[in-house]
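Asker:
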Amino acid sequence: MAAGGTPAPAAADTTACHGPIRPAAIQAVRSCDGMDRILAKAAATVPRSGQIAWQQRPVTAFTHFGMNTFTDREWGSGAEKESTFAPAAVDTDQWMRSMKAAGVTQVMLTAKHHDGFVLYPTRYTNHSVVASPWWVTPGCSDAAVTKARAAAQDGRAQDPSAYWQVRAAGCANPRGDILRDYVDSARKAGLKVGVYLSPADGAELPGQFFADQVKRVEAKVAAGQPLSIEEQATYDDRASIPAGQGRYGTGSAAKARTIPSLVPNDDRAAALAAGKLPKFTVTEDDYNTYYLNQIYELFTQYGPIDELWLDGANPWRGNGISETYDFPTWFRMIHALSPDTVTFAGPAGVRWVGNERGQARETEWSALPTTGDPNTAHNEELFVGGAEGADLGSRQVLADPSVRYLEWAPAEADVSIRPGWFYHPDEQPKTSAQLVDLYRASVGRNASLLLNVPPGPDGRVAPADAAALASFGQAIARTQAGNLAAGARGLDAVTDSSLTTSWSPPRGALAGTMDVVLPKAVAFDQIRLGEDITRGQHVEGATVQAEADGSWRTIATVTTVGANRLVTLPSPVTARHLRVVVTQSRATPYLATFALYRTVPAA
Numbered sequence: 001m002a003a004g005g006t007p008a009p010a011a012a013d014t015t016a017c018h019g020p021i022r023p024a025a026i027q028a029v030r031s032c033d034g035m036d037r038i039l040a041k042a043a044a045t046v047p048r049s050g051q052i053a054w055q056q057r058p059v060t061a062f063t064h065f066g067m068n069t070f071t072d073r074e075w076g077s078g079a080e081k082e083s084t085f086a087p088a089a090v091d092t093d094q095w096m097r098s099m100k101a102a103g104v105t106q107v108m109l110t111a112k113h114h115d116g117f118v119l120y121p122t123r124y125t126n127h128s129v130v131a132s133p134w135w136v137t138p139g140c141s142d143a144a145v146t147k148a149r150a151a152a153q154d155g156r157a158q159d160p161s162a163y164w165q166v167r168a169a170g171c172a173n174p175r176g177d178i179l180r181d182y183v184d185s186a187r188k189a190g191l192k193v194g195v196y197l198s199p200a201d202g203a204e205l206p207g208q209f210f211a212d213q214v215k216r217v218e219a220k221v222a223a224g225q226p227l228s229i230e231e232q233a234t235y236d237d238r239a240s241i242p243a244g245q246g247r248y249g250t251g252s253a254a255k256a257r258t259i260p261s262l263v264p265n266d267d268r269a270a271a272l273a274a275g276k277l278p279k280f281t282v283t284e285d286d287y288n289t290y291y292l293n294q295i296y297e298l299f300t301q302y303g304p305i306d307e308l309w310l311d312g313a314n315p316w317r318g319n320g321i322s323e324t325y326d327f328p329t330w331f332r333m334i335h336a337l338s339p340d341t342v343t344f345a346g347p348a349g350v351r352w353v354g355n356e357r358g359q360a361r362e363t364e365w366s367a368l369p370t371t372g373d374p375n376t377a378h379n380e381e382l383f384v385g386g387a388e389g390a391d392l393g394s395r396q397v398l399a400d401p402s403v404r405y406l407e408w409a410p411a412e413a414d415v416s417i418r419p420g421w422f423y424h425p426d427e428q429p430k431t432s433a434q435l436v437d438l439y440r441a442s443v444g445r446n447a448s449l450l451l452n453v454p455p456g457p458d459g460r461v462a463p464a465d466a467a468a469l470a471s472f473g474q475a476i477a478r479t480q481a482g483n484l485a486a487g488a489r490g491l492d493a494v495t496d497s498s499l500t501t502s503w504s505p506p507r508g509a510l511a512g513t514m515d516v517v518l519p520k521a522v523a524f525d526q527i528r529l530g531e532d533i534t535r536g537q538h539v540e541g542a543t544v545q546a547e548a549d550g551s552w553r554t555i556a557t558v559t560t561v562g563a564n565r566l567v568t569l570p571s572p573v574t575a576r577h578l579r580v581v582v583t584q585s586r587a588t589p590y591l592a593t594f595a596l597y598r599t600v601p602a603a
């Protein structure tokens, strides 16, 4: 597959340090760039079309569902029996109703978590829904089906497609393909679709490594030492072996491969031969080939996929085994298959906010400096000070000598409605009021909220979770049902719903005051600001002031604005005359949103 990406910085080409700076999602920082030029490049770092669409979907519902749902674990071993996956039913329509009631516009399913169990009928591992009794209609007495599945079980060690080959042998559960049901239910509900595909894969650990891990963990147990959740899973499954083909971290040779790698009786052969499906030539080891084949399945069978989540976990590195993920090739193939897909941790994609509490920084930049080419690595490895750093994009960070690139990488703030990511019967969901607080601390600080809602073993979102989601969604919707600033004199450009109509100071100034005169005095306790991010993120400081009895007082002060800045005041303010004062910007500010709301509390 042809190499792509942003050209490497050229130290010798000093003429490139004086020419025009064109807007782009990724900008190279050259050795001859001074601070003024780096700042100008940061201001010219803008989102691509897929990112713009993603940032207009402020809340995504995450769905952790899989093997861990039935083992009551957070982290699986990869040695679980497929028969353990045994939902009584799976009602993906109910999932969508519950999540849509929260106001989400996108949903995302864990198609494969770290245990390696796959929620769709993949051709490339037997550790999937096809190998579970769930795949067969209850009460099936077809002898041919029983014989075919027994043969698949006998041949699974040699053929990773053994169970896929018998997927249509008969008595197939029409709801067996969890991902297909999920995608279809989401689209029927008018929701965009994301997929989480874990690079880490416990089912693909080599058998000898797993056996050595069992011995190590058994020694800890014998010594009375505590176990991590990963170690506990290994200990619980110590009598089993990993359920895959042993491809992870083996040091297998990288060689030329074709993606997709056709399996016997592959139903895509004719389409590929006719040129109706794309194919790619790559040089990969066994595990990267496996992962690329699954990416191909996802995009060509379940697309369009609006967001692909690549968790950065490489969890067994500390115990002597690691797989080198070929991120550059993964990213290029994703982009070739679906250019508008936003990839978590990918180039000009989205990024982890830095915690799993659903809280963004008070100063949250989307245009960020990196220490390397975003096309070549999981982006958490590239941010100055690390993904969890308190400051990722200020002028001080931009001036760091390690900076080589700038990229548009908006934050995604992940958190679960329950203490765990997977459903556990002894846990309770957050209240609707707590969810509102999370919304303010994420969406209100220039991030997207990724709210996990885990269905239970009964295949449904629990009633308590559904009730909290509905109350949360109603509170946000009722609060934002009407903009109290609508009708402000001469400010239709910022009180409409358009992203690209805006106010800016005269003559392209970097600071200025937007005067707001309302038709009448209104009482409000929330202020929403937003920039026209199609032009970049520029505002570094602003205040909102209100007039009362002929004098002005500052009622809100912010640093960054970005796509959304929501300020909740300690008490309501009544005013007819306000002003927004932009005190500092990297380039001419373009305010696209100004709204005033009165809070409607969650029920």
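For the record, in the sequence shown the residue sitting at position 230 is 230 according to the UniProt record's numbering, with numbers rising by one throughout. C-beta: ideal position from N, C-alpha, C; glycine also. All of these numbers come straight from a predicted model, not from anything done at the bench.
Rounded to a whole number of angstroms, what is the C-alpha to C-alpha distance between Leu-566 and Gln-359?
Answerer: For the purposes of this step, residue 566 is identified with residue 566 of the sequence shown, where counting begins at 1. For the purposes of this step, residue 359 is identified with residue 359 of the sequence shown, where counting begins at 1. Computed Cα separation, rounded: 13 Å.
Asker: Which of helix, strand or coil does DSSP assign to Asp-147?
Answerer: Numbered from its first residue, the sequence shown carries residue 147 at position 147. Correcting the residue identity first, residue 147 is Lys in this sequence and not Asp. Looking at Lys-147 - three-state DSSP - the assignment turns out to be helix.
Asker: For Gly-190, does the count of other Cβ atoms within 10 angstroms reach 16, so buried, or fall short, so exposed?
Answerer: On the sequence shown, position 190 is the one that residue 190 refers to. That one is exposed.
Asker: Apply the 10 Å Cβ neighbour rule to Asn-319 and answer buried if 16 or more other Cβ atoms are within range, or exposed otherwise.
Answerer: Position 319 of the sequence shown, counting from 1, holds the residue named residue 319. Per the 10 Å Cβ criterion, exposed.
Asker: Within this structure, are the beta carbons of Ala-26 and Pro-410 separated by less than 8 Å?
Answerer: Position 26 of the sequence shown, counted from the first residue, corresponds to residue 26. Position 410 of the sequence shown, counted from the first residue, corresponds to residue 410. According to the sequence as given, residue 26 is Ile; it is not Ala. No, Cβ-Cβ distance for Ile-26 and Pro-410 is not below 8 Å.
Asker: Taking only the alpha-carbon atoms, compute the straight-line gap between Gly-103 and Ala-466 and give it to the nearest angstrom.
Answerer: Indexing the sequence shown from 1 puts residue 103 at position 103. Indexing the sequence shown from 1 puts residue 466 at position 466. Straight-line Cα distance between these residues: approximately 12 Å.
Asker: Shortest alpha-carbon distance to Tyr-405 belongs to which of Ala-44, Ala-575, Asp-236 and His-18?
Answerer: Here residue 405 corresponds to residue number 405 of the sequence shown, with the count starting at 1. If we check each option's Cα against that of Tyr-405, Ala-44 comes out closest.
Asker: Give the range of the alpha helix (DSSP H) segment to which Ala-470 is assigned.
Answerer: Looking up residue 470 in the sequence shown gives position 470. Here the alpha helix (DSSP H) through Ala-470 covers 463-479.
Asker: Starting from Gly-541, trace the beta strand (DSSP E) in both directions and tell me its first and last residue.
Answerer: The residue given as residue 541 occupies position 541 in the sequence shown. Element bounds for Gly-541: 539-548.
Asker: Helix, strand or coil for Tyr-439? Go by DSSP, reduced to three states.
Answerer: Walking along the sequence shown from the start, residue 439 turns up at place 439. If DSSP states are grouped into helix, strand and coil, Tyr-439 belongs with the helices.
Asker: Taking all protein chains shown into account, do 16 or more other C-beta atoms lie within 10 angstroms of the C-beta of Gln-428, making it buried, or fewer, making it exposed?
Answerer: Against the sequence shown, residue 428 aligns to sequence position 428. Per the 10 Å Cβ criterion, exposed.
Asker: If you draw a straight line from the alpha carbon of Pro-519 to that of Lys-430, how long is it in whole angstroms?
Answerer: Your numbering for residue 519 matches position 519 in the sequence shown. Your numbering for residue 430 matches position 430 in the sequence shown. Rounded to whole angstroms, Pro-519 to Lys-430 spans 40 Å at the Cα level.
Asker: For Leu-392, which residues does DSSP report across the bridge?
Answerer: Here residue 392 is taken as the residue at index 392 of the sequence shown, counted from 1. Leu-392 is not bridged to any residue.
Asker: Keeping to the same chain, check which residues put their C-beta closer than 6 Å to that of Pro-572; ignore five residues upstream and five downstream.
Answerer: Here residue 572 refers to the residue found at position 572 of the sequence shown. Ala-523 and Asp-525, listed in sequence order.
Asker: Tell me which same chain residues have a C-beta within less than 7 Å of the C-beta of Thr-501, skipping the five on either side of it?
Answerer: Reading the sequence shown from its first residue, position 501 is the one you call residue 501. For Thr-501, where only same-chain residues beyond five positions count, the Cβ hits under 7 Å are Ala-493 and Ala-592.
Asker: Using only CA atoms, which one of Ala-542, Ser-31 and Arg-73 lies nearest to Trp-421?
Answerer: Stepping through the sequence shown from its first residue, residue 421 is reached at position 421. The shortest Cα separation from Trp-421 among Ala-542, Ser-31 and Arg-73 belongs to Arg-73.
Asker: Using the beta-carbon count (16 or more within 10 Å), is Glu-284 buried or exposed?
Answerer: Taking the first residue of the sequence shown as position 1, residue 284 is located at position 284. Buried, since its Cβ has 16 or more Cβ neighbours within 10 Å.
Asker: Could you tell me which whole beta strand (DSSP E) segments of length 3 or greater appear in the region 226-290?
Answerer: Here the runs fully enclosed are 255-259 and 280-284.
Asker: Nearest-angstrom Cα distance between Ala-3 and Ala-511?
Answerer: Numbered from 1 along the sequence shown, position 3 holds the residue referred to as residue 3. Numbered from 1 along the sequence shown, position 511 holds the residue referred to as residue 511. Below a pLDDT of 50, predicted positions are generally treated as unreliable, and Ala-3, at 37, falls in that range; no measurement from the model is reported.
Asker: Using only the alpha-carbon positions, how far apart do Glu-381 and Thr-560 sit?
Answerer: Walking along the sequence shown from the start, residue 381 turns up at place 381. Walking along the sequence shown from the start, residue 560 turns up at place 560. Taking the straight line joining both Cα atoms gives about 24 Å.
Asker: Output the boundary residues of the alpha helix (DSSP H) element that contains Ser-98.
Answerer: One-based indexing of the sequence shown puts residue 98 at position 98. Segment 92-100, the alpha helix (DSSP H) holding Ser-98.
Asker: With a CB to CB cut of under 8 Å and the five nearest residues on each side skipped, what residues in its chain are close to Gly-303?
Answerer: Locating residue 303 in the sequence shown gives position 303, where the first residue counts as 1. For Gly-303, where only same-chain residues beyond five positions count, the Cβ hits under 8 Å are Leu-337 and Ser-338.
Asker: How is the beta strand (DSSP E) around Val-193 delimited, first residue to last?
Answerer: Position 193 of the sequence shown, counted from the start, is the residue given in the question as residue 193. Run containing Val-193: 192-197, per the beta strand (DSSP E) assignment.
Asker: Under a three-way DSSP split, which group does Ser-585 fall into?
Answerer: Along the sequence shown, read from residue 1 onward, the residue named residue 585 stands at position 585. Three-state DSSP puts Ser-585 in a strand.
Asker: Please list the terminal residues of the continuous alpha helix (DSSP H) segment that includes Ala-367.
Answerer: To locate residue 367, count along the sequence shown from 1; it is residue 367. Per DSSP, Ala-367 belongs to no alpha helix (DSSP H); it is in the beta strand (DSSP E), 367-370.
Asker: Rank Ile-334, Ser-366 and Val-118 by C-alpha distance to the C-alpha of Leu-292 and give the top, closest one.
Answerer: For the purposes of this step, residue 292 is taken as residue 292 along the sequence shown, with counting starting at 1. The option with the nearest alpha carbon to Leu-292 is Ile-334.
Asker: Quick test of your reading: Pro-589 and Pro-455, contact by CB under 8 Å. State the CB separation rounded to the nearest angstrom.
Answerer: For the purposes of this step, residue 589 is taken as residue 589 along the sequence shown, with counting starting at 1. For the purposes of this step, residue 455 is taken as residue 455 along the sequence shown, with counting starting at 1. That pair is no contact at about 44 Å.
Asker: Who are Trp-552's beta bridge partners in DSSP?
Answerer: By 1-based counting over the sequence shown, the position of residue 552 is 552. Glu-547.
Asker: Our contact map puts Pro-121 next to Val-443 with C-beta atoms below 8 Å; I'd like the distance itself, whole angstroms only.
Answerer: For this step, residue 121 is matched to residue 121 along the sequence shown. For this step, residue 443 is matched to residue 443 along the sequence shown. No, Pro-121 and Val-443 are not in contact; Cβ-Cβ is about 36 Å, not under 8 Å.
Asker: Using a Cβ-Cβ cut-off of 6 Å (strictly less than) and excluding sequence neighbours within five positions of Val-581, which residues of its own chain qualify?
Answerer: Taking the sequence shown and counting its residues from 1, one reaches residue 581 at position 581. Cβ neighbours of Val-581 beyond the five flanking positions: Thr-513 and Thr-543.
Asker: So, with DSSP's three-state summary, where would you put Val-573?
Answerer: The sequence position of residue 573 within the sequence shown is 573, counting from 1. Val-573: strand per DSSP, three-state reduction.
Asker: Residues in its own chain within less than 8 Å of Ala-603 by CB, not counting five upstream and five downstream?
Answerer: Residue 603 sits at position 603 when you count from the first residue of the sequence shown. Excluding residues within five positions, the ones whose Cβ falls inside 8 Å are Ser-432, Ser-471, Gln-474 and Ala-475.
Asker: Quick check on Pro-463: buried or exposed, where buried means 16 or more other Cβ atoms within 10 Å of its Cβ?
Answerer: For the purposes of this step, residue 463 is taken as residue 463 along the sequence shown, with counting starting at 1. Pro-463 comes out exposed.
Asker: In terms of residue numbering, what span does the alpha helix (DSSP H) encompassing Tyr-163 cover?
Answerer: Sequence index remark: in the sequence shown, residue 163 carries index 163 (1-based). Note, Tyr-163: alpha helix (DSSP H), 162-165.
Asker: Does the count of Cβ pairs from the region 35-53 and the region 83-91 closer than 8 Å reach three?
Answerer: As far as the Cβ criterion goes, the region 35-53 does not touch the region 83-91, which means the pair count is below three.
Asker: Pair every Cβ in the region 313-329 with every Cβ in the region 206-220, then say whether three or more of these pairs are closer than 8 Å.
Answerer: The answer is yes - the region 206-220 touches the region 313-329, with three or more Cβ pairs under 8 Å.
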